[in-house]
Amino acid sequence: MELFFVLDLLGTMAFAISGALVGREKRLDLFGILTLAFVTAIGGGTLRDVIIGITPVTWLTDLVYFYTILGSVVGALLFYKYLDYLRISLFLFDTIGLAVFTLIGIEKGMSVGLHPIICVTLGTITACFGGVIRDILSNTIPIILKREIYATACIAGGLVFYALYYLEVDKDLTYIITSLVIIGIRILAVKRAWKLPYSHA
Numbered sequence: 001m002e003l004f005f006v007l008d009l010l011g012t013m014a015f016a017i018s019g020a021l022v023g024r025e026k027r028l029d030l031f032g033i034l035t036l037a038f039v040t041a042i043g044g045g046t047l048r049d050v051i052i053g054i055t056p057v058t059w060l061t062d063l064v065y066f067y068t069i070l071g072s073v074v075g076a077l078l079f080y081k082y083l084d085y086l087r088i089s090l091f092l093f094d095t096i097g098l099a100v101f102t103l104i105g106i107e108k109g110m111s112v113g114l115h116p117i118i119c120v121t122l123g124t125i126t127a128c129f130g131g132v133i134r135d136i137l138s139n140t141i142p143i144i145l146k147r148e149i150y151a152t153a154c155i156a157g158g159l160v161f162y163a164l165y166y167l168e169v170d171k172d173l174t175y176i177i178t179s180l181v182i183i184g185i186r187i188l189a190v191k192r193a194w195k196l197p198y199s200h201a
């Protein structure tokens with residue numbers, strides 16, 4: 001099984017769990033929880049595929065994504081009592097998904113020969129858009145619209161990815177380093193309360 005496919009499933013699982021945890025926190029019914037899990041897991045990838053003209057979109061042609069999301073929701077609901085700190089668990093899975101889906105989006109862009117800037121943009125869209133839909137549906141201001149370091153972490157990770165790519169670093173190592181950079185930036189940003197500047201105009 002290719003590492004790319006494994007990463008895609010890992011990101012799908014992480015975002016599905018984060019969506020399910022938000023649904024649980026908002027006290028939604030089972031349908032609401034499933035809805036948040038699905039849109040979080042496939043929202044960004046769906047928009048990415050539509051933008052670059054991949055139709056039907058990936059998750060419509062391979063049921064493994066459906067089963068991965070469904071299994072992730074079941075696991076999150078069965079074991080949520082063991083997730084002592086719900087917000088920490090949500091943050092953890094959301095951050096993992098952010099890192100993995102940034103890589104997936106970049107690779108998808110590269111596979112159709114797009115410019116590096118566009119590929120990094122696709123990576124950011126893939127990583128962030130599902131969370132935007134999740135937050136809107138759960139009546140929360142999307143993280144990406146706040147001053148938190150969120151999409152910025154994806155962009156920074158994308159720049160690191162291309163630096164390693166042009167240095168001809170091993171692809172698997174590039175994936176690992178890029179993921180750690182995104183996760184590290186996100187964790188440090190929250191822990192140290194890093195914020196983007198805002199306009200005084």
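Each residue of the sequence shown is one higher than the one before, counting from 1 in the UniProt record's numbering. The C-beta atom is built at its ideal place from N, Cα and C for all residues, glycine as well.
Count the other CB atoms within 10 Å of the CB of residue i; is the residue buried (16 or more) or exposed (fewer)?
i	result
aspartate 8	buried
residue 214	The question about residue 214 has no answer, for the chain in this structure spans 1 to 201.
glycine 109	buried
leucine 34	buried
aspartate 170	exposed
leucine 98	buried
alanine 193	exposed
isoleucine 88	exposed
phenylalanine 129	buried
arginine 27	exposed
glycine 53	exposed
aspartate 29	exposed
Of all the options the options, which has the alpha carbon lying nearest to the alpha carbon of residue i?
i	options	result
valine 39	Asp29, Ser18, Arg24, Ile54	Ser18
proline 116	Ala156, Thr140, Asp94	Ala156
arginine 147	Phe31, Val190, Asn139	Val190
glutamate 25	Ile185, Phe129, Ile182, Lys81	Lys81
leucine 78	Lys195, Leu21, Leu196	Leu21
phenylalanine 5	Leu145, Val181, Trp194, Phe101	Phe101
isoleucine 96	Ile88, Trp59, Phe15	Phe15
leucine 90	Asp172, Leu36, Gly158, Leu3	Leu36
aspartate 94	Tyr65, Cys119, Ile183	Ile183
isoleucine 51	Gly23, Val181, Ile118	Ile118
proline 197	Gly23, Gly158, Trp59, Thr152	Thr152
cysteine 154	Asp172, Ile125, Leu173, Thr58	Ile125
leucine 3	Val181, Asp172, Lys195, Ile185	Asp172
leucine 145	Ile185, Leu114, Glu168, Lys195	Lys195
leucine 10	Arg27, Asp49, Ala127, Thr61	Ala127
Measure how close the beta-carbons of residue i and residue j come, nearest whole angstrom, since I'm counting them as under 8 Å.
i	j	result
isoleucine 177	valine 160	7 Å
isoleucine 106	leucine 122	7 Å
isoleucine 143	glycine 131	6 Å
serine 179	leucine 103	7 Å
threonine 12	isoleucine 69	6 Å
glycine 158	valine 112	Not quite, the Cβ-Cβ distance comes to about 16 Å (not below 8 Å), so this is no contact.
tryptophan 59	tyrosine 65	4 Å
First and last residue of the alpha helix (DSSP H) that includes residue i?
i	result
isoleucine 17	3-25
tryptophan 59	58-61
valine 74	64-79
residue 212	No information on residue 212 is available, as it lies outside the stretch 1 to 201 that the chain covers here.
leucine 47	30-51
leucine 159	151-166
glycine 130	116-137
For the ligand GDP, is there any heavy atom lying closer than 7 Å to the beta carbon of residue i?
i	result
phenylalanine 79	By its list of ligands, the structure shown contains no ligand whatsoever, and the ligand GDP lies outside what it can speak to.
Would you call the region 161-171 in contact with the region 124-135, where contact means no fewer than 3 C-beta pairs closer than 8 Å?
No: the two stretches stay apart, fewer than three of their Cβ pairs being nearer than 8 Å.
With a threshold of 8 Å, are at least 3 pairs of Cβ atoms found where one atom belongs to the region 70-83 and the other to the region 43-53?
Short answer: they don't touch.
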